[in-house]
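Visitor:
Residue numbers (my numbering): 13 to 118.
(1) Run through DSSP, which three-state label would residue 29 get?
(2) Go ahead and label residue 85 buried or exposed: buried means 16 or more other beta carbons lie within 10 angstroms of its beta carbon, across all protein chains shown.
(3) Mapping DSSP to helix, strand and coil, what is residue 113?
(4) Using 8 Å as the threshold, is the C-beta distance between residue 28 and residue 89 below it?
(5) Under the three-state reduction of DSSP, which class applies to residue 105: helix, strand or coil?
(6) Which of the three DSSP states, helix, strand or coil, is assigned to residue 79?
(7) Keeping to the same chain, check which residues put their C-beta closer than 6 Å to that of residue 57; ignore five residues upstream and five downstream.
(8) Pop quiz: residue 81 and residue 30 are said to be a contact at Cβ under 8 Å. What is the actual Cβ separation, rounded to whole angstroms?
(9) Using only CA atoms, which one of 77, 102, 92 lies nearest to residue 21?
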């Protein structure tokens, strides 16, 4: 029971890591954007106009970045229930064989 609790704790931690932003990268990108927008803010008059919607969409490089915690969350979230169900199936079949007697009862 203790190992199940420990594995469950690690699975919960991995799921939380999947949605946590990478703070170091975000801070450096925000500072670059802030420094780059200072000259544009002086030139632009009332508002920032966007030329097209396509420019605001994330690029393939940005969309392809997946954190390691996301992989752990998917793997643990898939394999732990599957292993539990396989174990439950084997246990049920061995109990059925034990009740029936015969060659596989021991």
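The beta carbon of each residue, even a glycine, is placed where N, CA and C say it ideally should be.
Guide: With the structure as the only source:
(1) DSSP places residue 29 in helix when its eight states are reduced to three.
(2) When all chains shown are included, residue 85 counts as buried.
(3) coil
(4) Residue 89 sits away from residue 28, with the two beta carbons spaced by 8 Å or more.
(5) helix
(6) In the structure shown, residue 79 sits in coil (DSSP, three-state: anything other than H, G, I, E or B).
(7) Bear in mind that the predicted position of residue 57 carries a pLDDT of just 49, short of 50, making it too unreliable to give a figure here.
(8) 4 Å
(9) 92
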